[in-house]
Amino acid sequence: MSSPEKTTPPRKRRGGDGSKAEIRMAFLFLLPALLLVLVFRVFPLAWGFVLSLTNTDGIGKGDWVGFANYTRAVNDPTFQDSIVNTLLLLATLPIWVMLPMLLAILIHQGVPGGKLFRAVYFFPAVLSSVIIGSIFNIVLRYDGSLNNALAAVGIDAVDWLGGSATALGSLIAVQLWSTFGMGVLIFLSGLSTVPDDIIEAARIDGARFWQRLFLIIVPSLRPIIEFVAVVTTIGVLTSMFGLIYVLTGGGPGTSTTLPEFLIWLEQGQLNRPGYASAISMILFVMMGGIAYLQIRIMTRNASL
Amino acid sequence: MSRRSKSDSRALWIAAVPMFLLALSCLYPFYFALNNALKDNRGYILDRFGLVNDPTFANFITAWSRARFDEYFMNSFTVTVGAVLALLLISSLAGFALAVLRFPYRKLVFVVILASLMIPVQVVLVPFYQTILALDLLNTRTGLILSYTAFFLPFSVYLMTAFYSALPRELVEAARVDGARFIHVWWFIMLPMGRPALLTLAILNTLYCWNDVLISLLVLQDERTLMVGITALRGEYTTNVPLLSAAIVLAAAPIVILYVLFQRKIVAGIATGAVKG
C-alpha cells in the first residue's frame with residue numbers, strides 16, 4: 001500500500017513544513033513521548049557509559065578508570081560463561097525459526113484441528129515468564145512430574161535444572177515452548193499474503209507436498225523468516241530475565257547465567273555499578289546491530 | 001481444484017498427531033495450576049500428580065488475605081491501568097503529529113523514538129535505577145507507571161503512526177480548512193478514528209505491564225506487584241505448592257480472561273510488526 005506521502009509529492013517539494021502554529025503543535029504533541037524516552041532510556045544510556053568508565057560504589061562519585069571495567073569483564077570467567085551461554089542459545093536459532101514456520105505451514109495447508117492449534121499454541125505466550133517459570137520449576141524438579149512421567153515409561157530420572165549439563169537446555173526449551181506460538185502467528189499472517197494461485201499452480205503441475213513446501217512456500221516467506229529471526233534474537237538477548245530469575249537463578253554455577261541476568265546480579269547484590277554498566281554497554285553493542293535491522297524493517301512497514 | 005491428493009491429506013493427518021500433543025502441552029500450565037490450587041498441602045504431598053479428589057478453596061483465601069495478594073493485585077491493577085492510559089494518550093498524540101502534521105525533522109523524531117527499542121531496561125539497569133532515585137520515584141506507583149510508559153512506548157508510537165498515515169488525508173485537510181484547531185482535530189477526529197489501533201494497543205500493553213517483573217522489582221521494592229509477589233512467595237513458602245498454585249491462578253486469571261475475550265485482537269496486533277495490514 002502506498003502512503004499518502006507518496007501520492008502527494010508537490011507539497012513535499014514546497015519544503016514540507018507547515019505553518020508556525022502547526023510546527024508548535026507538533027512539538028507539543030511529541031513532547032511527552034520524547035521526554036519519557038529521553039529521560040528513562042536515552043539519558044541513562046549515556047550516563048551508563050560514563051559510569052562504566054569509573055569505579056564508583058554507587059554512593060560516591062568514584063574515580064576515572066578508563067576502560068578497566070571492560071578489560072575486567074573480558075577476563076571475568078562469569079562474564080565469559082555468560083557469553084558462551086548466549087552463543088549456545090543463539091546456536092539454537094534455526095529451531096526457533098523453523099519450528100513455528102513448519103507448524104504455520106501445516107496449519108495453513110489445512111491440518112485437521114488447525115484453528116484450534118493456532119489458538120492454543122499462543123496461550124503460553126500471554127502468560128508471564130514468572131508464572132511459566134514457577135510452574136516449570138516444580139515440573140522439572142528431580143522429583144517433579146516430568147521425571148515421574150518418564151519413570152512410567154522406564155526412563156531414569158534426570159536432574160533437569162540442577163545438572164549443569166541440562167540446565168541451559170531446559171531453560172532454552174521452556175523459553176522456546178512458551179514463545180513459539182508467537183512465531184506461528186507471524187508466519188501465518190505472512191502466509192496469508194502468499195498468493196493462493198502460486199500454490200495452486202504447483203498443485204496442478206503435480207508437485208508433491210514437500211516439494212511444494214520447500215520450493216515455493218518457503219522462499220516466498222523470506223521477509224517473514226528475517227523478521228522472526230531478528231525478533232527472536234532480540235527476545236533471547238533481552239527478555240529471559242524473568243524466566244532465569246524463577247527457574248534457575250542463573251545456576252547451577254553459571255550454567256544458565258546470561259548477560260542480562262549477570263547485570264542484575266552485579267547491580268543488585270554486589271553493588272559495583274561501574275562494572276555492571278560496562279557489561280550493560282557490551283550487551284548494548286551486541287544488540288545494537290540486530291535491533292538496527294528490526295527498526296529498518298519496521299520503518300519500511302510503516303511506509304513513513 | 002481444491003481437492004487434496006491422497007498423499008497430501010495423509011501427510012496432514014500424520015502431522016496432526018504431534019501437533020495435538022504440542023497443543024495439550026500448551027494447556028498443561030492451566031491444568032497444573034488449577035489442579036494443585038484445589039488440593040490442600042497434605043493432599044498434595046500424598047498425591048502430587050493425581051487429580052484433586054477433595055477440592056478446597058482455602059488456598060485462594062490464604063493467598064488473597066494472609067499472603068497479601070489482595071494488595072499485590074491492587075498494585076498490579078493500578079499500575080497497569082495507569083500505564084496503559086498514559087501509553088494510549090501519549091502514543092496517539094505522537095502518532096498524530098508524526099503521521100499528519102508537517103514539521104522539520106519529522107522522520108528523525110520517528111527514528112529516535114523507534115531507536116530507543118535498542119535500549120531495553122537491562123542495558124540501562126544501573127543508570128535507570130539512579131534516575132528513578134534522583135526523581136524521587138522509588139517505591140511509588142507513579143514511578144512504575146512512568147517507567148512502563150517509557151519502556152513500552154516505541155511500539156505504540158510506531159503502531160499509531162502507521163495507522164494514522166493510512167487514514168484518508170481529506171479528513172484532516174477538511175478539518176484544517178475549516179479552521180479547527182489541531183487539538184480539536186486530535187480529540188474529535190483522530191482519537192475516535194484510531195479506536196481499532198488503540199484497542200489493540202490497550203490489550204497488548206496490558207499484557208506487557210501485568211506480566212512484567214524486572215522493572216517492577218527495581219522500582220516498586222516495598223510494595224509488590226503480583227509477579228514480584230509470586231517470586232517472593234516461592235522463597236517464603238518453598239514447599240507449599242498448592243498455595244503457590246492458587247497465587248498463580250489469581251495472577252493469571254485476568255490475562256486468561258483477556259486472552260479468551262480478545263484473542264483475535266491480540267493475534268492481529270502481534271502480527272502487525274511483521275506484515276502491514
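Quick mapping for you: the protein sequence lines, in order, are chains A and B. In terms of the UniProt record's numbering, the first sequence opens at residue 1 and continues consecutively. In terms of the UniProt record's numbering, the second sequence opens at residue 1 and continues consecutively. The beta-carbon is built from N, C-alpha and C at its ideal position, and this holds for glycine as well.
Exercise for the section: Report the residue from A/L103, A/Q109, A/P32 and A/L140 whose alpha carbon sits nearest the alpha carbon of A/V158. Expected result: A/L140
Problem - Delimiting residues of the alpha helix (DSSP H) encompassing B/S165 - result: R141 to S165
Exercise for the section: Taking C-beta pairs closer than 7 Å, name the residues in chain A that B/P196 reaches, listed in chain order. Expected result: The premise fails here: B/P196 is roughly 16 Å from chain A at the closest Cβ pair, so nothing lies under 7 Å.
Problem - Beta-bridge partners of B/T78, as assigned by DSSP - result: B/T78 is not bridged to any residue.
Exercise for the section: Find the residues of chain A that neighbour B/W13, judging by a C-beta separation of less than 7 Å, and give them in chain order. Expected result: P112
Exercise for the section: Provide the residue span of the alpha helix (DSSP H) that contains B/L199, from first to last. Expected result: R195 to N211
Problem - According to DSSP, residues forming a beta bridge with A/T54 - result: A/W64
Exercise for the section: Note down, in chain order, every chain A residue with its Cβ under 7 Å from the Cβ of B/A252. Expected result: L127 and I131
Exercise for the section: Give every residue of the same chain whose Cβ lies closer than 6 Å to the Cβ of A/V228, excluding the five residues on either side of it in the sequence, and list them in chain order. Expected result: V97, G183 and I186
Exercise for the section: Give, in chain order, every residue of the segment 254-271 of chain B whose Cβ lies closer than 9 Å to some Cβ of chain A. Expected result: I255, V256, L258, Y259, Q263, I266, V267, A268, I270 and A271
Problem - Span of the alpha helix (DSSP H), counted from its first residue to its last, around A/E260 - result: P259 to L265
Exercise for the section: Compare the C-alpha of A/G48 against each of A/I105, A/L283 and A/M240 and name the closest. Expected result: A/L283
Exercise for the section: Measure from the alpha carbon of B/A37 to the alpha carbon of each residue in B/A15, B/R10, B/A252 and B/V111, then state which is nearest. Expected result: B/A252
Problem - chain B residues whose Cβ lies nearer than 7 Å to that of A/A291 - result: L117 and M118
Exercise for the section: Could you tell me the distance, in whole angstroms, from the CA atom of B/G277 to the CA atom of B/V121? Expected result: For B/G277, the predicted structure reports a pLDDT of 30, less than 50, and the residue's modelled location is therefore unreliable. A value from the coordinates is still provided. Looking at the two C-alpha atoms, the distance is approximately 30 Å.
Handout entry: Distance, A/E200 Cα to A/R212 Cα
Key = 10 Å
Exercise for the section: Take B/W13 as the anchor and find which of A/L34, A/G113 and A/N55 has the nearest alpha-carbon. Expected result: A/G113
Handout entry: Interface positions of the segment 190-220 of chain B facing chain A (Cβ-Cβ less than 9 Å), listed along the chain
Key = L207, W210, N211, D212, V213, L214, L217 and L218
Handout entry: Span separating the alpha-carbon of B/I119 from that of B/N211
Key = 19 Å
Handout entry: B/M74 at chain A interface by Cβ criterion, 8 Å
Key = no
Problem - B/F155 Cβ short of 7 Å to the ligand NAP heavy atom set - result: Of ligands this structure carries none, so the ligand NAP is not represented either.
Practice task
Mind listing the chain B neighbours of A/N148? Cutoff is C-beta to C-beta under 7 Å, in chain order.
Solution key: F49
Practice task
Report buried or exposed for B/K39, applying the criterion of at least 16 other Cβ atoms within 10 angstroms of its Cβ.
Solution key: buried
Practice task
List the endpoints of the continuous alpha helix (DSSP H) containing A/W160.
Solution key: That residue, A/W160, is in no alpha helix (DSSP H); it is neither H nor E in DSSP.
Practice task
Show which residues of chain B have a CB atom less than 7 Å away from the CB atom of A/A73.
Solution key: Chain B residues near A/A73: none, gap ~14 Å exceeds 7 Å.
Practice task
Compare the beta carbon distance of B/Y44 and B/P196 with 8 Å and say whether it is the shorter of the two.
Solution key: no
Handout entry: Cβ separation of B/L117 and A/I295, assumed to be a contact under 8 Å, to the nearest whole Å
Key = 6 Å
Exercise for the section: Would you kindly check if the distance between the Cβ of B/S92 and the Cβ of B/G194 is under 8 Å? Expected result: yes
Practice task
Could you tell me the boundaries of the alpha helix (DSSP H) in which A/R222 lies?
Solution key: R222 to T238
Practice task
Helix, strand or coil for A/R141, going by three-state DSSP, please let me know.
Solution key: coil
Exercise for the section: Name, going along the chain, the residues of the segment 102-113 of chain B whose beta-carbon falls closer than 9 Å to a beta-carbon of chain A. Expected result: R102, F103, P104, R106, K107, V109, F110, V111, V112 and I113
Exercise for the section: Determine, using beta carbons only, whether A/S134 and B/L218 come nearer to each other than 8 Å. Expected result: no
Exercise for the section: Look up A/S164 in the DSSP assignment and say whether it is helix, strand or coil. Expected result: coil
Practice task
Answer yes or no: do A/V230 and A/L293 have a C-beta to C-beta separation smaller than 8 Å?
Solution key: yes
Handout entry: Endpoints, the alpha helix (DSSP H) within which B/A67 is located
Key = No alpha helix (DSSP H) contains B/A67, which DSSP labels as neither H nor E.
Practice task
Classify B/S245 as helix, strand or coil using the three-state DSSP reduction.
Solution key: helix
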